[in-house]
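Take the sequence shown: its position 31, counting from 1, is numbered 31 in this note's numbering, and each next residue is one higher.
From the three backbone atoms N, C-alpha and C, an ideal C-beta is built for every residue, glycine too.
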Amino acid sequence: MIDVKLESVSKRFTRSGEAAAVDDVTLTIAAGEFFTLLGPSGCGKTTTLRMVAGFYFPTAGHIHFGEQDVTRLAPNKRDTGMVFQNYALFPHMSVAQNVAYGLKVRKVSRADTARRVAQALTEVHLDGYGTRRIDELSGGQQQRVALARALVIRPRTLLLDEPLSNLDAKLREETRTEIRRIQRESGTTSLYVTHDQAEAMAMSDRIAVMRSGQVQQIGTPREVYHEPANAFVARFIGRSNVLSLPVTSAEATRVGVALPGGGRVTATAPDGHGLGEGDTALVAARPEHVVLVSPEEPDAIRGTVTGVEFTGMATHVTVDIGAGADGDVTVAAVDVPDRVDVGDRVGLRLPAERLWVVRP
Ligand code: ATP
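Have a look at this one:
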């Protein structure tokens, strides 16, 4: 069942000239889904969310909640709960008063309010914190209060705008797990905004990757990771290598390309890729799928190591493969057999079954 629908939604802040902040965005969010808008700063995520909330009206297009057209409906008539980056809590009120705020506005009885506030605090694991002052809480706890306040009114849609950006790295990971658990338990349809691809991948049912106001791709985390629609998505999600390689053969969903080392390899391509022999294909390869081999190996792509980065989980080795082949390739080797150092000559192998042709 579709819960939220954006149909060719655009927003221009200025009348003339400048590009639209949001440009012809169409997407649907299913009931209970956790849907994320992901993209770099200024790509129009917040503006899109604010149109769903009703803080901005679109310049063009329509927004539906179920059957209802809410395009020009006031924010307080939309039945949405909001969670912001800066928590937006009332510092002079207690935790319980903050959570109760939306119920008071809706004139819910005192007894019901007390019961629902207690339940909401239990849901966010803040039992016993009701009488605390906001400034006596950690950032993570404050964000959970904000979440309880948004959910206590049982909104039809939960809107979250970068709710974790003020938290340190460790707390950010813990809190994202908490948010997802609470969202799952309440079953509230959610629209989440972030510029952090790891966060989007970890939390979302589906992701819309945005750039310059436009949606580049909508898909599950696995789809946008393994089958990026274009070079931008391939580079933005994870750390893809995107190589420009000459096409040697082309079929419906397979494209043969020539490698810098002299070898040939066949990559998977999306339907209707339109490439033919003699064209240049953009081929995406994830660092974890590129294999470090001896430079003596026949047909290996040869290059010089320019960087070695130990991350704990893997070692990222960056290799300059020379001009005409897009410069650097990063390899994430889980096991670097022998010590690899900057300046070493190495070979690379691209496994055909993991190569994916992307659009420019
Ligand atoms: P960030 O991650 O930095 O918050 P974002 O993806 O949420 O970025 P938006 O805040 O939606 O991006 O902004 C999209 C574009 O619209 C930007 O170019 C921004 O400068 C412009 N913009 C946003 N709000 C306004 C406004 N109230 N008036 C004029 N221009 C605006």
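Here Q85 carries a coil assignment [DSSP, helix/strand/coil]. For A53, there is no enclosing beta strand (DSSP E); the residue is found in the alpha helix (DSSP H) stretching over K45 to A53. From the listed residues G261, T280, H92 and P360, the smallest Cα separation to I321 is found for G261. In the three-state reduction of the DSSP assignment, T177 falls in the helix class, which pools H, G and I. Burial of V331 is indicated by the presence of at least 16 other C-beta atoms within 10 angstroms of its C-beta.
In the three-state reduction of the DSSP assignment, N98 falls in the helix class. Taking 7 Å as the cut-off, one finds no heavy atom of the ligand ATP near enough to the beta carbon of G139. F34 carries a strand assignment under DSSP once its states are collapsed to helix, strand and coil. Counting the other Cβ atoms within 10 Å of the Cβ of Q119 gives fewer than 16, which makes it exposed. Relative to the non-hydrogen atoms of the ligand ATP, the Cβ of S41 comes within a distance shorter than 7 Å of at least one. At a Cβ-Cβ threshold of 8 Å, P75 and G42 do not count as neighbours. By DSSP's assignment, E7 forms a beta bridge with H62. In the DSSP assignment, A281 falls outside any alpha helix (DSSP H) and within the unbroken beta strand (DSSP E) covering T280 to A285. Taking I153 as the centre and dropping the five residues before and after it, the same chain places the C-beta of G81, G102, L103 and R106 closer than 7 Å to its C-beta, in chain order. Within the same chain, V22, D24, V25, T26, T48, M51, P58, A60, G61, H62 and I63 come within 8 Å of V9 by CB-CB distance, once the 5 residues on both sides are set aside. Judged by beta-carbon spacing, A19 lies within the 8 Å limit of S212, meaning their Cβ atoms are closer than that value. In this structure I29 touches V4 by the C-beta definition: roughly 4 Å separates them, less than 8 Å. Within the region 155 to 205, complete beta strand (DSSP E) segments of at least 3 residues are found at 157 to 161 and 189 to 194, given in chain order.
If the five residues before and after T175 are omitted, its C-beta is found closer than 7 Å to the C-beta atoms of G140, Q143, L164 and L167, all from its own chain and listed in chain order.
Boundaries of the beta strand (DSSP E) around P246: N241 to A250. Classified as buried, T318 has 16 or more neighbouring CB atoms from the shown chains inside 10 Å of its CB. By the Cβ-count criterion, Q216 is buried, with 16 or more other Cβ atoms from all chains shown falling within 10 Å of its own Cβ. Proximity of the beta carbon of A60 to the ligand ATP is not indicated: no heavy atom of the ligand is located closer than 7 Å. Relative to the ligand ATP, the beta carbon of A281 is positioned no closer than 7 Å to any heavy atom. For R78, there is no enclosing beta strand (DSSP E), since its DSSP letter is neither H nor E.
Linking Q85 to D161 through their CA atoms gives a straight-line distance of about 6 Å. Residue side-chain check: F13 places its Cβ nearer than 7 Å to a non-hydrogen atom of the ligand ATP.
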